[in-house]
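Engineer: Top line first, the protein sequences correspond to chains A and B. Numbering (this note's numbering) for the first sequence: 134 to 484. Numbering (this note's numbering) for the second sequence: 134 to 484. Ideal Cβ positions, reconstructed from N, Cα and C, are used throughout, including at glycine. Keep in mind it's a predicted model, so treat the numbers as computed, not measured. So that we are looking at the same thing, I have put the structure below in structure tokens.
2 protein chains.
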Amino acid sequence: MSATIREVARAAGVSVATVSRVLNGKGPVREVTGRRVRAAAERLRYVPHVGARSLITRRTHAIGVLLPDLFGEFFSEAIRGIDRAARAAGYQLLVSGSHGDRAQAQTALRAMRGRVDGLVVMSPSVDGPTLSANLPEGWPVMLLNCAVDGAAFDSINIDNEGGAAAMVKHLAGLGHRRIAHVTGPADNWDAKERLRGYRRAVLSGGGGDARELEVPGDFTEESGYRAARLVLGMRPRPTAIFAANDSMAIGLLCAFQEMGVRVPGDIAVGGFDDIPIARFMTPPLSSVAVSIAALGARAMERLLAALRDGSRHVPCHETLPARLVARRSSGSRSSKPPASSRHAHKRRKDP
Amino acid sequence: MSATIREVARAAGVSVATVSRVLNGKGPVREVTGRRVRAAAERLRYVPHVGARSLITRRTHAIGVLLPDLFGEFFSEAIRGIDRAARAAGYQLLVSGSHGDRAQAQTALRAMRGRVDGLVVMSPSVDGPTLSANLPEGWPVMLLNCAVDGAAFDSINIDNEGGAAAMVKHLAGLGHRRIAHVTGPADNWDAKERLRGYRRAVLSGGGGDARELEVPGDFTEESGYRAARLVLGMRPRPTAIFAANDSMAIGLLCAFQEMGVRVPGDIAVGGFDDIPIARFMTPPLSSVAVSIAALGARAMERLLAALRDGSRHVPCHETLPARLVARRSSGSRSSKPPASSRHAHKRRKDP
DNA sequence: TCAGAGAATGTAAACGTTTACATCGGCGAA
DNA sequence: TTCGCCGATGTAAACGTTTACATTCTCTGA
């Protein structure tokens, strides 16, 4: 099958130790010997056996990525960022998705043991204590958008609360006093944070307790579509809606369109995530932009840094800012879609 | 760090061979011995070192996944399907994305050597010969939506051509005689197949050579947005447009909306992919549905089957059907979006 | 010329498994 | 009783690396 280091050594007329030294760039070797070894390795298409190597070095040069049961733009963007950073550092990615429950996640975790040097975990529907109980102690771990408990693990997440508050304040600034909210899944961390941001902003705006303006959703377009009817039924009728993500906001837009309710004339709409199509909606959707890819890349970079620091590393927490993007659906005047083509230069969506 | 098989053996008062036999379910062991060993392993949280194991067995129980530089729904759905099938068979996924050019892909390929038992490759912008030159011979490989050359490798892809033809015929059936086409990237396999389907259907419909009705796009919403103006400038003006994917179709819808061109009244629009939001557009977008997740899952299943068959396996090619979904943008009457919620029960998009 | 330093290279012992083979009982048949 | 068989278990040799240590070679300075 594949050539071993021994065969390379024989072909180059040296010992295996020398081959190893040349290929790893360690220890002193004569220029000419190095050339001979490299030539032999090339000729035999030699690739070191990672298993044998990790047996000795206790390093696998791979990072495990645990993802929850989520789809769409978020998922792929996160992996993209993580992959970019990992590749730059010469690391490989062991990906495992679709962890609905604890048992599945635990199984996936076990399977990763010995295969990876560290872990990136994104699990927005698992609470902190449960998480830390299942995570291997002493392993470099980076938590992404998780409910974090204390300072046990490194973590990084998006300023969901701040972003949500910014959207609500934006709507309030346009004169809206009754702002409804379509929430995400009750057990989802991001959704909970966004809800908090909404409540905080409503309260600080003097809106009083606005629990009756909260409509349950589940992040799908359809739940947004359904929520539209509920909101319109409220008395007095809200003049604005903030949906916890863009998918639901799009559902809202669709429903309003069908019902003949004008946006933003009759009701203003805001979303969260700023997914690429947001600006192509009718009217263009106001949203809160977050760079998921950047989140993933940053997570990987920090994890690798922690790996290098070893035991000297101290876990810390980081929050990435979210940026308000005002478009017409909230009542702002906005330029034509392609003019603000933030994504255009880097997106290349396959069919 | 982690317990070794030797420690488990000592704890259970048996030899390492017995521990191995118990944990792998091979060879005869007494019921009571098995219990003792399993208890010890559990207590010590023993997990076999995969590297050491693969050194002997020459199996890694991992599959490499090579993905091109693509984003969005397609990417994540493909991984989701692949992951589901792999997990069911107890395999792990080594994912590597963003392979713009050959060199990158080759590097990624080398890094996978010895780490994986097989490979799933999706590389729509690489031609067949280039591909087979870089792929390791004798390795189980499954090609996904690639330009396939001969029967050297297993492959599986979507009926792009048939789906495109179906859409064009659908539009023709509604009375349209001048049907424009917004193409995908010139070097993209899917895009090329869809273009072929378009041309074939136009020709067979008696439309004659319609090259002047083809507008270049690149699968982004923005390119669709730009294409709208070009199409409207054609004389005589086309009465329908088929975009090579939904993103571009959405760009078209957006542009038409702004220009006051009614869809489907003034011009009919059709897309490809049936992405989840398609039905929530205004008007709901007619498209061609393909199950990317199913494609991925099927690929993985076939790869694992090939792995089991070993040398007895003969490569074969498979094509997955594409289904026309007629909605209002093409002039069909359609039910309200949520009524046809094919995705609703399984989608749970995270922020 | 030679001692000795230090560079270049070789030798062999790990690393943690699996597995072919050896060993050891116990049991039924001769 | 003894032989042979078979089920249960132990022993040790791989697998392909890295690396501590040993060895050899090549200078330099006295």
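Mark A/T190 as exposed unless 16 or more other C-beta atoms lie within 10 angstroms of its C-beta, in which case mark it buried.
Structural biologist: Position 57 of the first sequence, counting from 1, holds the residue named residue 190 of chain A. By the neighbour-count rule (16 or more Cβ atoms within 10 Å), A/T190 is not buried but exposed.
Engineer: Which value, in whole angstroms, describes the spacing of the CA atoms of A/L252 and A/L440?
Structural biologist: As a position in the first sequence, residue 252 of chain A is number 119, starting the count at 1. As a position in the first sequence, residue 440 of chain A is number 307, starting the count at 1. Near 10 angstroms, if we compare the C-alpha coordinates of A/L440 and A/L252.
Engineer: Residues of chain B with CB closer than 8 angstroms to the CB of A/A185, please, in chain order.
Structural biologist: Here residue 185 of chain A refers to the residue found at position 52 when the first sequence is read from its first residue. Simply G184, L188.
Engineer: Pop quiz: B/D351 and B/P257 are said to be a contact at Cβ under 8 angstroms. What is the actual Cβ separation, rounded to whole angstroms?
Structural biologist: Counting from 1 along the second sequence, the entry for residue 351 of chain B is found at position 218. Counting from 1 along the second sequence, the entry for residue 257 of chain B is found at position 124. In fact, because the Cβ distance is near 13 angstroms, the residues do not count as touching under 8 angstroms.
Engineer: Considering Cα atoms alone, identify which of A/A244, A/G160, A/E206 is closest to A/L199.
Structural biologist: Sequence index remark: in the first sequence, residue 199 of chain A carries index 66 (1-based). Of the candidates A/A244, A/G160, A/E206, the one whose C-alpha sits nearest the C-alpha of A/L199 is A/A244.
Engineer: Strictly below 8 angstroms CB to CB, what residues from chain A border B/D216?
Structural biologist: In the second sequence, the residue the question calls residue 216 of chain B occupies position 83. Residues of chain A passing the Cβ test: V228, S229, G230, S231.
Engineer: Along the chain, where does the beta strand (DSSP E) that runs through B/G296 open and close?
Structural biologist: Translated into positions along the second sequence, residue 296 of chain B becomes position 163. Element bounds for B/G296: not the beta strand (DSSP E) but the alpha helix (DSSP H), 293-306.
Engineer: For A/A172, does the count of other Cβ atoms within 10 angstroms reach 16, so buried, or fall short, so exposed?
Structural biologist: Counting from one through the first sequence, the residue named residue 172 of chain A turns up at place 39. A/A172 should be labelled exposed.
Engineer: Is there a C-beta anywhere in chain B that falls below 8 angstroms from the one on A/I212?
Structural biologist: Within the first sequence, the letter at position 79 stands for residue 212 of chain A. A/I212 counts as touching chain B.
Engineer: Would you mind giving the Cβ-Cβ distance between B/G317 and B/R332, rounded to the nearest angstrom? I have them listed as a contact below 8 angstroms.
Structural biologist: As a working mapping, residue 317 of chain B is identified with position 184 in the second sequence. As a working mapping, residue 332 of chain B is identified with position 199 in the second sequence. Contact doesn't hold; Cβ gap of about 14 angstroms is too wide.
Engineer: Using the C-alpha atoms, what's the distance from A/Y224 back to A/A195?
Structural biologist: Sequence index remark: in the first sequence, residue 195 of chain A carries index 62 (1-based). Sequence index remark: in the first sequence, residue 224 of chain A carries index 91 (1-based). Cα to Cα, A/A195 sits roughly 5 angstroms from A/Y224.
Engineer: Where do the N-terminal and C-terminal ends of the alpha helix (DSSP H) with B/E175 fall, by residue?
Structural biologist: Working through the second sequence from its first residue, we reach residue 175 of chain B at position 42. Note, B/E175: alpha helix (DSSP H), 164-176.
Engineer: From B/R169 to B/G158, what does the alpha carbon distance come to, in whole angstroms?
Structural biologist: The count along the second sequence starts at 1 and reaches residue 169 of chain B at position 36. The count along the second sequence starts at 1 and reaches residue 158 of chain B at position 25. Looking at the two C-alpha atoms, the distance is approximately 14 angstroms.
Engineer: With a threshold of 16 other CB atoms inside 10 Å of the CB of B/M255, please say whether the residue is buried or exposed.
Structural biologist: Position 122 of the second sequence, counted from the start, is the residue given in the question as residue 255 of chain B. Classification for B/M255: buried.
Engineer: Does the beta carbon of B/R171 come closer than 8 angstroms to any beta carbon on chain A?
Structural biologist: Within the second sequence, residue 171 of chain B is the residue found at index 38, counting from 1. With 8 angstroms as the cut-off, B/R171 does not count as an interface residue toward chain A.
Engineer: Using a beta-carbon distance below 8 angstroms, is A/R243 in contact with chain B?
Structural biologist: Numbered from 1 along the first sequence, position 110 holds the residue referred to as residue 243 of chain A. So yes, A/R243 belongs to the interface.
Engineer: Of all the CB atoms in chain B, is at least one closer than 8 angstroms to the CB of A/R248?
Structural biologist: Locating residue 248 of chain A in the first sequence gives position 115, where the first residue counts as 1. Yes, its Cβ sits closer than 8 angstroms to a Cβ of chain B.
Engineer: For B/A185 versus B/P448, is the C-beta distance shorter than 8 angstroms?
Structural biologist: Locating residue 185 of chain B in the second sequence gives position 52, counting from the first residue. Locating residue 448 of chain B in the second sequence gives position 315, counting from the first residue. No.
Engineer: Beta carbons nearer than 8 angstroms to chain A: which residues of the region 373-384 of chain B have them?
Structural biologist: Flagged, chain order: A377, N378, S380, I383, G384.
Engineer: Under 8 angstroms Cβ-Cβ, which residues of chain A neighbour B/S135?
Structural biologist: Along the second sequence, read from residue 1 onward, the residue named residue 135 of chain B stands at position 2. By Cβ distance, chain A contributes R246, G247.
Engineer: Give the residues of chain A in contact with B/Q390, contact being defined as C-beta atoms less than 8 angstroms apart.
Structural biologist: The residue you call residue 390 of chain B lines up with position 257 of the second sequence. Per Cβ cutoff of 8 angstroms: T415.
Engineer: Does the beta carbon of A/I410 come closer than 8 angstroms to any beta carbon on chain B?
Structural biologist: As a first step, residue 410 of chain A is located in the first sequence; it is residue number 277 there, counting from the start. Chain B contact via Cβ: present.
Engineer: Interface residues of chain B around A/V180 at Cβ under 7 angstroms?
Structural biologist: Position 47 of the first sequence holds residue 180 of chain A. Under the 7 angstroms cutoff, chain B gives R243, R246, G247.
Engineer: Buried or exposed, going by whether 16 or more other CB atoms sit within 10 Å of the CB of A/G160?
Structural biologist: Numbered from 1 along the first sequence, position 27 holds the residue referred to as residue 160 of chain A. By the neighbour-count rule (16 or more Cβ atoms within 10 Å), A/G160 is not buried but exposed.
Engineer: By Cβ distance below 7 angstroms, which residues in the same chain neighbour A/L177 in space, the five residues on each side in sequence not counted?
Structural biologist: Position 44 of the first sequence, counted from the start, is the residue given in the question as residue 177 of chain A. These residues qualify, in order along the chain: A136, E140, V141, A144.
Engineer: Between the region 344-356 of chain A and chain B, which residues of the former have a C-beta closer than 8 angstroms to a C-beta of the latter?
Structural biologist: The residues in question are D351, F352, T353, E354, E355.
Engineer: To the nearest angstrom, how far is it from the Cα of B/V394 to the Cα of B/I400?
Structural biologist: Mapped onto the second sequence, residue 394 of chain B falls at position 261. Mapped onto the second sequence, residue 400 of chain B falls at position 267. Cα to Cα, B/V394 sits roughly 8 angstroms from B/I400.
Engineer: Which word fits B/A319, buried or exposed, when buried means at least 16 other C-beta atoms lie within 10 angstroms of its C-beta?
Structural biologist: To locate residue 319 of chain B, count along the second sequence from 1; it is residue 186. Exposed is the call here.
Engineer: Within a Cβ cutoff of 7 angstroms, which residues of the same chain sit near B/S356, ignoring the five residues on either side of it in sequence?
Structural biologist: In the second sequence, counting from the first residue as 1, residue 356 of chain B sits at position 223. Excluding sequence neighbours, B/S356 sits near G350, M381, G384.
Engineer: What is the DSSP secondary structure of B/T452, reduced to helix, strand or coil?
Structural biologist: If you number the second sequence from 1, residue 452 of chain B lands on position 319. Of the three classes helix, strand and coil, the one that applies to B/T452 here is strand, per DSSP.
Engineer: Are B/T151 and B/V162 touching if we call contact CB-CB under 8 angstroms?
Structural biologist: As a working note, residue 151 of chain B is residue 18 in the second sequence. As a working note, residue 162 of chain B is residue 29 in the second sequence. In this structure, B/V162 lies closer than 8 angstroms to B/T151 by Cβ.
Engineer: If I measure Cβ to Cβ from B/H182 and keep anything under 6 angstroms in the same chain, skipping five residues before and after, which residues do I get?
Structural biologist: Translated into the one-based positions of the second sequence, residue 182 of chain B becomes position 49. Excluding residues within five positions, none has a Cβ falling inside 6 angstroms.
Engineer: Hey, out of A/A361, A/G197, A/V149, whose CA is closest to A/Y179's CA?
Structural biologist: Numbered from 1 along the first sequence, position 46 holds the residue referred to as residue 179 of chain A. It is A/V149.
Engineer: Chain B beta carbons: is any one of them nearer than 8 angstroms to that of A/Q225?
Structural biologist: Translated into the one-based positions of the first sequence, residue 225 of chain A becomes position 92. Output row for A/Q225: interface = yes.
Engineer: To which residues does DSSP link A/H314 through a beta bridge?
Structural biologist: By 1-based counting over the first sequence, the position of residue 314 of chain A is 181. DSSP lists A/E347, A/F375 as partners of A/H314.
Engineer: What residues match up with B/M414 in a beta bridge as DSSP calls it?
Structural biologist: Residue mapping note: residue 414 of chain B aligns to position 281 of the second sequence, counting from 1. BP columns for B/M414 are empty, so no partner.
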